[in-house]
Amino acid sequence: MTAETPRNVDSSREKVAPPEPLELGAEEAREVELEQEDEASGEGLGPPEPLEGTAIVRRRRLWKKKDMPGGLWLKCESCSQMIYRKELEEKGMVCPACEFHFTLPGRERVAMVLDPDTWGERFADLGALDRLNFTDQVPYAEKLRRTEQRTGQKEALLCGTGKIEGRDIVLAVLDFSFLGGSMGEVVGEKIALAADLARRERKPLVVFTSSGGARMHEGMLSLMQMAKTSAALASLNEAGGFSICVLTNPTTGGVTASFASVCDVTLAEPGALIGFAGPRVIATTIKQELPPGFQRAEFLVEKGQVDAIVRRVELRGVLARLIDFGRGAFGR
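Using numbering that gives the first Met the number 0, you'd call the opening residue of the sequence shown number 0 and step up by one each time.
Structure representation (structure tokens):
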């Protein structure tokens with residue numbers, strides 16, 4: 000028994016043959032390839048499945064797919080607002096909604112603080128050595144090589160001379176993007192050299208800190224830099240020199256416990272985290288709840304450990320006035 004042919008359907012109708020494949024140029028072929036990749040990964044919606052016996056003619060797309068450049072928008076760590084990067088840069092990397100001060104790379108900090116075309120870098124050829132052959136997930140020597148390649152710097156501290164509103168200074172800036180701004184042998188040596196340069200050239204020393212503390216990869220050699228840098232600042236002070244330290248977010252560990260705390264004037268940016276051990280470690284150790292705002296710049300001003308909090312937009316003017324105040328320091 001044979002199945003009956005359904006009514007209203009012409010069984011003699013032939014299926015439509017598919018058209019000949021289109022000749023595509025290299026650019027068009029790449030577009031088709033991208034569409035196929037999207038469909039395979041589920042990222043693209045793709046065309047609907049064709050009905051049996053029908054032909055699908057692919058239409059040429061009139062636009063090209065473009066990747067969105069990365070880093071156009073940044074999320075504020077404080078208020079979680081998404082901010083257009085260009086707007087953020089125009090405001091000195093300060094959140095327009097809550098005034099959270101983003102951490103600045105070292106060279107951006109130098110450009111923001113100094114007068115244009117006055118920066119003269121010193122001691123840039125000094126680089127760290129892996130004396131202990133330290134290895135964690137990656138050998139220390141390899142980590143140094145990768146970081147130098149990424150940042151274009153041999154170490155976490157930028158040191159040199161420049162001018163702030165026409166006033167000559169020696170400037171030292173810790174860069175958190177270089178191994179967390181950690182202090183090892185070379186950072187300690189460059190702080191000592193900067194203090195000595197300020198003494199010899201009779202210029203005020205301005206230091207910006209942003210650091211996780213002593214560099215664990217160098218062991219006891221890094222801890223020795225706490226005494227070395229403190230002694231260097233003490234020698235500058237004994238010679239009648241004038242020094243200013245600006246604590247930025249974050250400044251912790253051995254840096255806080257050494258040269259960052261012994262300058263003549265200590266400033267801080269708003270909301271900066273400043274301390275030795277982390278708050279969770281302290282709370283666990285003393286088994287007590289920490290007070291609100293603990294280890295933030297505002298808390299330290301109340302306790303007398305920081306002289307003043309200065310917004311980034313006002314920093315150059317404040318530094319210029321302080322330099323004038325300490326201009327006659329040598330020979331006092």
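Even glycine gets a Cβ: it sits at the ideal position worked out from N, Cα and C.
Rounded to a whole number of angstroms, what is the C-alpha to C-alpha distance between residue i and residue j?
i       : j       : result
Thr-117 : Gly-161 : 5 Å
Gly-119 : Phe-258 : 23 Å
Ala-319 : Arg-166 : 7 Å
Cys-75  : Phe-324 : 36 Å
Leu-299 : Pro-290 : 12 Å
Asn-236 : Leu-170 : 16 Å
Pro-18  : Met-92  : Because Pro-18 sits at a pLDDT of 49, beneath the cut-off of 50, its placement in the model cannot be relied upon, and the following sentence gives the value as read from the coordinates. Approximately 58 Å, taken between the alpha carbons.
Arg-315 : Gly-277 : 30 Å
Gln-148 : Glu-107 : 18 Å
Lys-202 : Pro-104 : 25 Å
Glu-313 : Val-112 : 10 Å
Where does residue i fall in DSSP's three states?
i       : result
Ser-111 : Checking the sequence shown, residue 111 turns out to be Met, not Ser. Note: Met-111 maps to helix in three-state DSSP.
Thr-147 : First, the amino acid is wrong: residue 147 is Glu here, not Thr. Helix.
Ala-267 : strand
Asp-212 : Note on identity: in this sequence residue 212 is Gly, with Asp being the wrong assignment. The answer is coil: DSSP assigns Gly-212 none of H, G, I, E or B.
Leu-314 : helix
Ser-242 : strand
Val-206 : strand
Ala-296 : helix
Pro-278 : helix
Ala-155 : coil
Lys-227 : helix
Arg-199 : helix
Arg-326 : coil
Ala-307 : strand
Ala-256 : coil
Val-172 : strand
Thr-284 : helix
Lys-189 : helix
Leu-272 : strand
Gly-180 : helix
Flag this pair as yes or no: are the beta carbons of residue i and residue j separated by less than 8 Å?
i       : j       : result
Gly-240 : Arg-279 : no
Pro-249 : Arg-310 : no
Leu-246 : Ile-273 : yes
Gly-218 : Gly-252 : no
Ala-213 : Ser-181 : yes
Val-109 : Leu-156 : no
Ser-209 : Leu-266 : no
Ala-296 : Ala-271 : yes
Ile-168 : Ile-285 : no
Leu-178 : Thr-228 : no
Thr-102 : Phe-175 : yes
Cys-262 : Val-317 : no
Glu-89  : Ala-127 : no
Met-215 : Ala-256 : no
Lys-332 : Leu-196 : Nothing can be reported for residue 332, as the shown portion of the chain is limited to 0 through 331.
Leu-204 : Ser-260 : no
Kindly examine the ligand PLP and report whether one of its heavy atoms sits closer than 7 Å to the Cβ of residue i.
i       : result
Leu-321 : Among the ligands in the structure shown, none appear at all, so the ligand PLP cannot be discussed.
Three or more C-beta pairs below 8 Å linking the segment 75-88 and the segment 293-306
The segment 75-88 is not in contact with the segment 293-306.
Any 3 or more C-beta pairs closer than 8 Å across the segment 180-198 and the segment 133-145
no
Pairing CB atoms from the segment 84-100 with CB atoms from the segment 139-155, are three or more of them under 8 Å?
no
Uninterrupted alpha helix (DSSP H) stretches inside the segment 77-141 (no shorter than 4 residues):
84-89 and 105-112
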